[in-house]
Amino acid sequence: MITHISQNTLTHKLIFFATLIAIWQIAASSGLWAEYIFPSPLSVAQTLARGFQNGTFVVGIATSLRRLLIGFGISVVIGIVSGLALGRVKLLDETFGALVLGLQTLPSICWLPLALLWFGLGEMAILFVVVMGALLAITTATEAGVKNTPPLYLRAARNLGARGWKLYALVIFPAALPEIITGMKLGWSFAWRSLMAAELLYVSLGLGHLLMMGRELNDMSQVVAVMLVIIAIGLLVDRLIFAPIETRVRARWGLTG
Amino acid sequence: MKLEIRDVSKIFRSKTGTLTALDSINLDVREGEFVCLLGPSGCGKSTLLNIIAGLDKPTRGEVRVDGKIVTRTGPDRVMIFQSAALFPWLNVFDNVKFGLNMIGVPKPERQIIARKYLRMVHLAEFEQASVHELSGGMQQRVALARALATDPAVLLMDEPFGALDAQTRDLLHDELQTIWSATRKTILFVTHNVREAVVLGDRVVVFSARPGRIKQIFTIDLPRPRQIESYAVVDCAREIMAVLKDDVLASARDADARLLQTLEAQMVGDDVL
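Quick mapping for you: the protein sequence lines, in order, are chains A and B.
At position 110 of the first sequence the residue is numbered 110 (the working numbering), and the sequence of numbers has no breaks.
Position in the second sequence (from 1) plus 1000 gives the number in the working numbering.
This is how it looks when you write it as structure tokens:
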């Protein structure tokens, strides 16, 4: 990443965050607020260290990520297949497409009560919420990608004899890939949000649970520490996984400058 | 007779009325002939190419290739467009092999054939390159290799050099003439550039606009290879331009011509998936 950020920018960022933490420490030490309302950076750091050492944070991260990966994986498969179907079959688009459009406006956490009633207080309910979080975004993006297949590619492909499933798999799907990846990026962030909300709302390990526990124990530094972990994971996945893939695909597809 | 166009007409119907793109086109093309279709924008020459390729159906009349009536697209009539239309998710090598993949040529043979044609267009070293790394001229050469790889009966070229700069175009003229002499493919080449038509074609078919009809057919007897700047070519071109002049002026002001161009570009083929 250093190659993309000039030395100047990096320095600016470091100075900024160092100053921020310094101000934070001063404000916390001033005694204006109690420790359980405004924790110091020092105690947050201590909580983080402790949490990783005794394994609670590690378990929390592993649990949350496991749920996310499984749920996201399922929604990618269903989403892409549905998007392909909706993009090419007019009847499906008119019927199911309208359904997808409507359901999309529902914040994915709203699926939790339904999931709890259907699946009970278990992993399935959380998984369902995660899947619903990402599914519609991926479906919509795939459908858009398919519908926006440049006609020139279709002409060239058909001209060379491509038909039926070969046209789908070898031309339409690859042509839609940049939009699908953008949809996956969006779906991931929706799934992440709905996962955290679900874990907050009902006790079951995971990072959201740790966050809630911090509140229940009046341990503010735990709350802040978990928030930092959640932010860190979000940034890591976005910057280290999705962003590079998206950039590379867009460059290769000739979609950038 | 390699290609027979019999009484082909194409009428587009829309909310605003009907547009007669082509009116009773009759043309025979012999095997190995290089025929240029020349006319102002929107005179239907691209529509004719679309019909021969199977991307569109004629309202009347039929097209036969090697005696068989054309009904749908196929690798025996490959088209090269103004934009190379290479698939960006495939590298150069895989692009050239695409048509071979469609007709089911086994893998080892695909590689040999693809390499042969890449060498023919002088791009052998660019096998592993990505499409976005190539210049416009190079992309068109890859498109040419891709088209030739399936050994089509007829090569249809729709203003393939229109988007390139003049120098690249001249280079590609030379290359195309060389490739044509080596492969002796039957080529139908659409252009609005008179000198290009004279440099490349054995015959030049001049179209008139609205409705598209064959106005006159010129036979170019000049020795090959021809240079675009030679006096003979320029003289020939002047003669043809005189025939073309009125139609060019008319079509420049013609909304129908522009509409037709849009329709031609949208033709993706009638095949039902």
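We put the CB at the ideal spot given by N, CA and C, even for glycine.
Bear in mind the structure is a predicted one, so any value in this text is a computation, not a measurement.
Taking a C-beta distance under 8 Å as the contact criterion, Ser1046 (chain B) and Val1248 (chain B) do not qualify as a contact pair. Rounded to the nearest angstrom, the Cβ distance from Val1204 (chain B) to Cys1036 (chain B) is 5 Å, consistent with a contact under 8 Å. Between Arg1258 (chain B) and the set B:Pro1160, B:Ile1240, B:Ala1209, B:Ile1217, the nearest pair of CA atoms involves B:Ala1209.
Neighbours of Leu177 (chain A) across chain B, judged by C-beta separation under 9 Å: Trp1089. For Leu1038 (chain B), the beta-bridge partners assigned by DSSP are B:Thr1191, B:Val1206.
Between the segment 1015-1031 of chain B and the segment 1238-1248 of chain B, the count of Cβ pairs shorter than 8 Å is below three; the stretches do not touch. Ile37 (chain A) sits in coil when the DSSP states are folded into three classes, being neither helix nor strand. When B:Phe1161, B:Met1157, B:Leu1244 are compared, the shortest CA-CA separation from Leu1049 (chain B) is found for B:Met1157.
Across the structure, Arg1013 (chain B) and Asp1056 (chain B) are spaced so that their CA atoms are roughly 14 Å apart.
DSSP places Met184 (chain A) within a helical segment (H, G or I) once states are collapsed to three.
Within 8 Å of the CB of Val171 (chain A), the CB atoms of chain B belong to Phe1087, in sequence order along the chain.
Neighbourhood of Ala1053 (chain B) in chain A, by CB distance below 7 Å: Asn159, in chain order. Bridge partners of Arg1077 (chain B) according to DSSP: B:Val1154. Taking 8 Å as the cut-off, the Cβ atoms of His1132 (chain B) and Pro1088 (chain B) count as close.
Between Leu84 (chain A) and Tyr168 (chain A), the C-beta spacing is below 8 Å. Contiguous alpha helix (DSSP H) elements confined to the segment 42-103 of chain A occur at 56-88, taking only those with 4 or more residues.
In terms of CA proximity to Gly187 (chain A), A:Leu135 leads the group A:Glu35, A:Leu135, A:Val59, A:Val249. Beyond the five residues adjoining it in sequence on each side, Leu48 (chain A) comes within less than 6 Å, by CB distance, of Ala225 in the same chain, given in chain order. Shortest Cα-Cα distance from Arg1030 (chain B) to any of B:Ala1153, B:Pro1225, B:Ile1113 involves B:Ala1153.
A contact between stretches requires three or more CB pairs, one per stretch, nearer than 8 Å, and the segment 218-234 of chain A meets this requirement with the segment 51-61 of chain A. Among the residues of chain B, none has a CB under 7 Å from the CB of Pro244 (chain A); the nearest is roughly 16 Å distant. Here Arg1169 (chain B) is not bridged, per DSSP, to any residue. Rounded to the nearest angstrom, the gap between the Cα atoms of Glu1229 (chain B) and Ala1265 (chain B) is 32 Å.
Interface annotation for the segment 1091-1114 of chain B against chain A: Phe1098, Gly1099, Met1102, Ile1103, criterion Cβ-Cβ distance under 7 Å.
For Ser1130 (chain B), no beta strand (DSSP E) run applies, since DSSP gives it neither H nor E. Among the residues of the segment 1131-1143 of chain B, those with a Cβ less than 9 Å away from any Cβ of chain A are Val1131, His1132, Ala1143, in the order of the chain. As summarised for the segment 1075-1111 of chain B, the continuous beta strand (DSSP E) elements at least 3 residues long and confined to that stretch are 1077-1080, given in chain order. Going by DSSP, Gln1216 (chain B) is part of the beta strand (DSSP E) stretching over 1213-1219. With contact defined as three or more Cβ pairs closer than 8 Å, the segment 1112-1119 of chain B and the segment 1133-1150 of chain B are in contact.
A straight line joining the alpha-carbon of Gly122 (chain A) with that of Met132 (chain A) spans about 16 Å.
At a cut-off of 8 Å between beta carbons, Lys166 (chain A) contacts chain B.
Two segments are said to touch when three or more pairs of C-beta atoms, one from each, lie closer than 8 Å; by this definition the segment 72-88 of chain A touches the segment 179-193 of chain A.
Under the 10 Å beta carbon count, Lys1010 (chain B) is surrounded by 16 or more other beta carbons and is classified as buried.
Around the beta carbon of His1173 (chain B), 16 or more other beta carbons lie within 10 angstroms, which makes this residue buried.
Identification of chain B residues near Arg252 (chain A) by a Cβ-Cβ cut-off of 9 Å yields Pro1088, Trp1089, Ser1130, Val1131, His1132, ordered along the chain. Taking the CA atoms as reference points, Arg1072 (chain B) sits about 12 Å from Arg1064 (chain B).
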